[in-house]
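Undergrad:
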Amino acid sequence: MIPFRNSLPYDIQMNEVYASECPFCGESHVRLPLKTAELEQLRGGLMKRLVVMPCCRSRLQLVDADSDYLLSNKPLRA
Ligand SMILES: [Zn+2]
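Per the numbering used here, the sequence shown runs over residues 7 to 84.
(1) For ligand 1, is there any heavy atom lying closer than 7 Å to the beta carbon of Ser78?
(2) So what does DSSP say about Ala43, is it helix, strand or coil?
(3) Just to confirm my understanding: we take Pro81, look at its own chain, exclude 5 residues before and 5 after, and list those with CB closer than 6 Å. What are they?
(4) Could you check whether the Cβ of Glu33 sits closer than 7 Å to any heavy atom belonging to ligand 1?
(5) Report, in whole angstroms, the separation of the C-beta atoms of Pro29 and Val58, which I expect to be a contact under 8 Å.
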């Protein structure tokens, strides 16, 4: 069970994955270097994925996802 503070809300627009807000620098609506097919694999627990945020180059290790949230191996919120 991954704690809620490790979660990052996302949405999909035009087949692109967007974070509602970068947990590191606060930039809003950041397009992630993540394909929707990769998102499906994350959701199935089939892979983990390191994402480098395009806004501030922070690294985000994704370990799971559900229909609303990406889940990291580290806390993203206080
Ligand atoms: Zn950022």
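Glycine included, every Cβ here is placed at the ideal spot set by N, Cα and C.
TA: On the basis of the coordinates in this document:
(1) no
(2) helix
(3) Arg11, Asn12
(4) Correct: Glu33 has its Cβ closer than 7 Å to ligand 1.
(5) Not confirmed; about 13 Å, so no contact.
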